[in-house]
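Peer 1:
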Amino acid sequence: MILARTVEELRAALAERRASGHDIGLVPTMGAFHAGHRALMQAARDREGVVVVSLFVNPTQFGPSEDLARYPRDEDGDAAVARAEGVDVLFAPGVDDVYPPGFDSWVDPGALATVLEGAVRPGHFRGVATVCTRLFGLVRPARAYFGRKDAQQVAVLKQVVRDLALPVEIVARPIVRDADGLALSSRNAYLSRTERETALALPRAMQAGLAAHRAGANPVAAARVVLDATPPFAVDYVELADLDGPTLAAAGRVGETRLIDNVRLDGSDDGLIGG
Ligand code: AMP
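The sequence shown finishes on residue 292 if you use the numbering used here, and the numbering steps up by one all the way, no holes.
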């Protein structure tokens, strides 16, 4: 595996591989790898001739009061994971490589980026869309792999790729969960044991919502009942939305930690708990 820290090193690492005619698959990440990231790497490895993983904690997608400074970082551990998953190139650039001096162009996605996460985190998807567009330009992947854990991100990026006619296919992969149902997230590392118990209300709420939907009842109301019965869980939203498919999405805070979850209501998310 090649570790590329600059745009020049990335170009050098990809030049030869590009010349061989193999498709490139890109997995954009912010690091602190867990089994959710590994599943994306494996999906890319199964299909692509060349797998590039980017590791960049993108400052422009964090709000001023968010956790940029304390976001978990473990580059050595991440490099070992990527190597074990057969990744060809780990691109771990500095901020100046992604946003060089004079950088001043932004991808500003529309209405879909203003609801749910976009309403709670103004500018978040502008940062996401801009960094992903730049990564697509640098790596020029045939496909880019994303997790449905961030279902709105998938939907926003599909719209950006469609609207700007970017020559990349967005591949969406299922949510990977711990045995207790909690969706894996780098932010779960922030949770104390008791906070983690509280956090389990989120997957339980998704499960209740899915069950209600299947029974012909209101999934939002059913999910709300579960979350409202867990007072330390501070709900940001529980809503239905078309996120690349009919989706029940929820988010909230447990102590200082912000968590999100979602479930597809079209039957493609069986085995929500205990996966
Ligand atoms: P992050 O490093 O949190 O920006 O995530 C990088 C990629 O991994 C994104 O496409 C996420 O949606 C995906 N991802 C994160 N957690 C999970 C999970 N539990 N299951 C599936 N994909 C995930």
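Ideal placement from N, C-alpha and C gives every residue a C-beta, glycine not left out.
Computed from a predicted model, the values in this text were never measured in an experiment.
Whole-angstrom Cβ separation of MET223 and LEU265, contact assumed at under 8 Å?
Peer 2: Taking the first residue of the sequence shown as position 1, residue 223 is located at position 206. Taking the first residue of the sequence shown as position 1, residue 265 is located at position 248. Sure, about 6 Å apart at Cβ, within 8 Å.
Peer 1: If distances are taken between C-alpha atoms only, which option among GLN176, GLU273, ASP261, PRO248 comes closest to SER209?
Peer 2: Working through the sequence shown from its first residue, we reach residue 209 at position 192. Of the candidates GLN176, GLU273, ASP261, PRO248, the one whose C-alpha sits nearest the C-alpha of SER209 is GLU273.
Peer 1: Given the structure, does VAL193 come close to the ligand AMP, in the sense that its CB is under 7 Å from one of the ligand's heavy atoms?
Peer 2: Numbered from 1 along the sequence shown, position 176 holds the residue referred to as residue 193. Flag set: Cβ of VAL193 near the ligand AMP.
Peer 1: According to DSSP, simplified to helix, strand and coil, what is ARG250?
Peer 2: As a first step, residue 250 is located in the sequence shown; it is residue number 233 there, counting from the start. First, the amino acid is wrong: residue 250 is Phe here, not Arg. Here PHE250 sits in strand by DSSP.
Peer 1: Would you report the Cα separation of PRO248 and ALA86, rounded to the nearest angstrom?
Peer 2: On the sequence shown, position 231 is the one that residue 248 refers to. On the sequence shown, position 69 is the one that residue 86 refers to. So the alpha carbons of these two residues sit roughly 28 Å apart.
Peer 1: Considering only heavy atoms of the ligand AMP, does any lie closer than 7 Å to the CB of GLY284?
Peer 2: Walking along the sequence shown from the start, residue 284 turns up at place 267. Not so, every heavy atom of the ligand AMP lies at least 7 Å from the Cβ.
Peer 1: Buried or exposed for PHE120, please, with buried defined as at least 16 other CB atoms from any protein chain shown within 10 angstroms of its CB.
Peer 2: Locating residue 120 in the sequence shown gives position 103, where the first residue counts as 1. That one is exposed.
Peer 1: Taking the alpha-carbon of ALA109 as reference, which of ALA101, GLU102, PRO118, ALA96 has the nearest alpha-carbon?
Peer 2: Counting from one through the sequence shown, the residue named residue 109 turns up at place 92. Among ALA101, GLU102, PRO118, ALA96, the Cα nearest to that of ALA109 belongs to ALA96.
Peer 1: Kindly indicate which residue of LEU174, ASP114, MET47 has the alpha-carbon position closest to the one of ALA21.
Peer 2: Residue numbering aside, residue 21 sits at position 4 when the sequence shown is read from its first letter. Ranking the options by Cα distance to ALA21, first place goes to ASP114.
Peer 1: Less than 8 Å between the CB atoms is what I'm expecting for LEU199 and ALA225, so what's the real figure, rounded?
Peer 2: Here the question's residue 199 lines up with position 182 in the sequence shown. Here the question's residue 225 lines up with position 208 in the sequence shown. About 15 Å; that fails the 8 Å criterion.
Peer 1: Please tell me whether VAL44 and ALA61 are closer than 8 Å, where the distance is taken between their beta carbons.
Peer 2: Locating residue 44 in the sequence shown gives position 27, where the first residue counts as 1. Locating residue 61 in the sequence shown gives position 44, where the first residue counts as 1. Result yes, Cβ atoms of VAL44 and ALA61 sit closer than 8 Å.
Peer 1: Using the three-state DSSP reduction, which class does ALA94 fall into: helix, strand or coil?
Peer 2: Within the sequence shown, residue 94 is the residue found at index 77, counting from 1. Reading off the sequence shown, one finds Gly at residue 94, where the question assumed Ala. Reduced to three states, the DSSP call for GLY94 is helix.
Peer 1: Just how far apart, CA to CA, sit PRO158 and GLY262?
Peer 2: Working through the sequence shown from its first residue, we reach residue 158 at position 141. Working through the sequence shown from its first residue, we reach residue 262 at position 245. Cα to Cα, the separation comes out at about 24 Å.
Peer 1: In three-state terms, what does DSSP make of THR211?
Peer 2: Locating residue 211 in the sequence shown gives position 194, where the first residue counts as 1. Reduced to three states, the DSSP call for THR211 is helix.
Peer 1: Compute the Euclidean distance between the alpha carbons of GLY292 and PRO236, then round it to the nearest angstrom.
Peer 2: Along the sequence shown, read from residue 1 onward, the residue named residue 292 stands at position 275. Along the sequence shown, read from residue 1 onward, the residue named residue 236 stands at position 219. Unreliable placement is indicated for GLY292, whose pLDDT of 41 sits below 50; the coordinate value is still reported in the next sentence. Cα to Cα, GLY292 sits roughly 21 Å from PRO236.
Peer 1: Pairing CB atoms from the region 157-171 with CB atoms from the region 184-191, are three or more of them under 8 Å?
Peer 2: In short, these stretches touch, since the Cβ pair count reaches three.
Peer 1: According to the neighbour-count rule (16 or more other Cβ atoms, all chains shown, within 10 Å of its Cβ), is THR211 buried or exposed?
Peer 2: Your numbering for residue 211 matches position 194 in the sequence shown. Answer is exposed; the Cβ neighbour count stays below 16.
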